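Residue numbers (the numbering used here): 2 to 54. For reference, the structure discussed in these notes is given below.
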Amino acid sequence: MKNKVAFHNFSHEQELEAWITNTAKSYGQRQIASLTGYPYILEAISKITTSME
2 MKNKVAFHNF SHEQELEAWI TNTAKSYGQR QIASLTGYPY ILEAISKITT
52 SME
């Protein structure tokens, strides 16, 4: 995700948040777990993806 976002020029914070949300939704739970492994991060991402469905 870090490498992908490096080449974007976001005009405002909401645009960045939308990009992060959409990118996180494209990852599976196993991918996210391998990147983070912290339960509070997994819970936050789960809430984001659930609320966006």
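Beta carbons are placed, not taken as given, at the ideal position from N, Cα and C, and that holds for glycine. Since the model is a prediction, treat every value here as computed from it, not as a measurement.
CB contact flag (residue i, residue j, <8 Å)
i          : j          : result
residue 49 : residue 22 : yes
residue 11 : residue 17 : yes
Per-residue burial, residue i [other beta carbons within 10 Å of its own, 16 or more giving buried]
i          : result
residue 42 : exposed
Other residues of its chain near residue i: CB distance less than 6 Å, five sequence neighbours each side excluded
i          : result
residue 46 : 25 and 33
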